[in-house]
Amino acid sequence: KATTPRNDTPESAARPFDRTRSGFALGEGAAIFVLGSLEHARSRGAHAYAEISGHAARANAYSMTGLRLDGRELAAAITAAMDNAKVGPDDLDYINAHGSGTRQNDLHETAAYKASLGQVAYQKPISTIKSMIGHSLGAICALEVAACALAIEHSVIPPTANLRERDPDCDLDYVPLVAREQQVRVALNVA
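For what it's worth, the numbering used here labels the leading residue of the sequence shown as 3, then goes sequentially.
Here it is, written out as structure tokens:
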């Protein structure tokens with residue numbers, strides 16, 4: 003089961019990367035973007051929140067819901083996205099995690115960051131907005147892109163809410179509980 007049974011306390015139900023996590027809380031929402039060239043945006047005086055400089059997608063051909071704990075497929079997607087954007091692990095200022103709050107996803111994702119970023123993974127702030135807004139399924143990717151754009155715009159990294167008991171197997175900097183003021187020039191969205 004992927005959803006949390008903590009329905010009586012929705013404000014603390016989603017606990018990504020926490021030792022007591024039990025699945026995701028459903029959410030809803032939407033975000034819309036106007037995509038275009040930077041030159042065109044400048045020519046019409048539009049405010050550009052961010053530039054999408056690279057992307058990648060991978061499928062594991064293993065299971066729709068079962069994830070391998072080694073994070074290999076996700077690590078390949080992260081590496082391909084960084085290659086496409088012509089950035090390396092040291093260039094990343096913020097990582098917006100998928101962070102669903104399921105036992106297997108959070109372990110899979112932690113392993114993927116370590117595999118794709120090496121020791122740099124321990125130095126990068128990583129958080130998930132699903133801890134605050136839930137998992138809106140098909141719409142979540144757009145909401146996460148919006149969170150990355152706003153992190154860049156305002157130099158604030160959103161926290162991972164409800165991360166009170168760190169899982170020792172999820173030992174990266176998952177920005178627990180409190181937003182962090184920090185310049186963000188390059189963000190990676192893992193959706």
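Heads up, the beta-carbon is just placed ideally off N, CA and C, and yes, glycines get one too. This one's a predicted model, so the numbers in the text were calculated from it and none came from an experiment.
Paired residues, beta bridge with residue i - DSSP
i: Tyr96; result: Ala189
i: Ile128; result: Ile97
i: Leu28; result: His137
i: Glu53; result: Its beta-bridge partners do not exist; DSSP assigns none.
i: Arg182; result: Ile159
i: Thr5; result: Phe26
i: Asp173; result: In the DSSP output, where bridge partners are listed per residue, Asp173 has none listed.
i: Arg168; result: Asp20
Opening and closing residue of the alpha helix (DSSP H) in which residue i lies
i: Gln106; result: Arg105 to Leu119
i: Glu41; result: Leu40 to Ser45
i: Val147; result: Ile142 to His156
i: Ile80; result: Arg74 to Ala87
Span separating the alpha-carbon of residue i from that of residue j
i: Arg46; j: Pro127; result: 35 Å
i: Phe26; j: Ala117; result: 25 Å
i: Arg182; j: Ile97; result: 13 Å
i: Glu167; j: Gln106; result: 17 Å
i: Gly90; j: Leu179; result: 28 Å
i: Leu37; j: Ala148; result: 13 Å
i: Gln125; j: Ala114; result: 15 Å
i: Lys88; j: Leu69; result: 28 Å
i: Pro7; j: Ile80; result: 31 Å
i: Gly120; j: His49; result: 35 Å
i: Ala78; j: Ser157; result: 28 Å
i: Glu146; j: Val177; result: 16 Å
i: Asn9; j: Asp169; result: 22 Å
i: Asp171; j: Asp92; result: 23 Å
i: Ala58; j: Gly73; result: 16 Å
i: Asn62; j: Leu71; result: 12 Å
i: Asn86; j: Glu75; result: 16 Å
i: Ala4; j: Glu30; result: 16 Å
Cβ-Cβ separation, residue j to residue i (assumed contact under 8 Å), whole Å
i: Ala83; j: Gly101; result: About 17 Å; that fails the 8 Å criterion.
i: Gly103; j: Arg23; result: 5 Å
i: Glu129; j: Ile154; result: According to the sequence as given, residue 129 is Ser; it is not Glu. No, Ser129 and Ile154 are not in contact; Cβ-Cβ is about 14 Å, not under 8 Å.
i: Ala163; j: Ala33; result: Actually they are not in contact, since the Cβ atoms of Ala163 and Ala33 sit about 19 Å apart, beyond 8 Å.
i: Ala123; j: Leu165; result: Not really, about 17 Å apart at Cβ, beyond 8 Å.
i: Ala151; j: Ala52; result: 4 Å
i: Leu94; j: Leu190; result: 5 Å
Check whether the segment 133 to 153 touches the segment 13 to 21, counting contact only when three or more Cβ pairs, one atom from each stretch, lie closer than 8 Å. With contact defined as three or more Cβ pairs closer than 8 Å, the segment 133 to 153 and the segment 13 to 21 are in contact.
Given 8 Å as the limit, is there contact between the segment 26 to 46 and the segment 172 to 189, that is, 3 or more CB pairs closer than that? Three or more beta-carbon pairs separated by less than 8 Å are not found between the segment 26 to 46 and the segment 172 to 189, which leaves the two stretches without contact.
Do the segment 104 to 112 and the segment 139 to 159 meet, that is, are 3 or more Cβ pairs less than 8 Å apart? Too few Cβ pairs lie closer than 8 Å, so no.
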